[in-house]
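Structure record follows, encoded as structure tokens.
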């Protein structure tokens, strides 16, 4: 499709170093998707992290990078209208620049089961498409810390990419 960024990989997620430490292990890993889980008492209750590279229209990605605040309302509306996002209540949408080449949108999801989802979508000119991060836990603060570490790991991987 013309104008659509395929999930061509500047970053191969299967080679992403574990950003969470020894108690976490890769549950599955592919070039465009990696999932980490933790089942020890040292980890957040029900802790899981998923990082995926998804396709996105080039023009939309570039618009979010150029003006994250100006595109936030449209992003939030589209996110909430997606039927895949109806199981939980999402709030606290924020957008910010990420260096010279990117931006990110972060949000929080509260699920009826008590599970908290701390999510981020990263847009970067060095990476076709977008990178989605979902950190889940029964402890919202711990899920937020996992999300922050994943954002740092993706940033470092993009900085190291050729």
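In the working numbering, the protein residues as written are 2 to 163.
Heads up, the beta-carbon is just placed ideally off N, CA and C, and yes, glycines get one too.
Between the alpha carbons of residue 146 and residue 89 lies a gap of roughly 20 Å. Taken through DSSP and simplified to helix, strand or coil, residue 31 comes out as strand. Straight through space, the alpha carbons of residue 24 and residue 39 are spaced by roughly 6 Å.
As the crow flies, the alpha-carbon of residue 123 is around 30 Å from that of residue 42. Looking at the DSSP output, residue 90 bridges to 111.
The C-beta distance from residue 109 to residue 91 rounds to 7 Å, short enough to fall under 8 Å. DSSP, reduced to helix, strand and coil, places residue 162 outside both helices and strands of the structure shown, so it counts as coil.
Counted as a single uninterrupted DSSP element, the stretch harbouring residue 23 is not any beta strand (DSSP E), since DSSP gives it neither H nor E.
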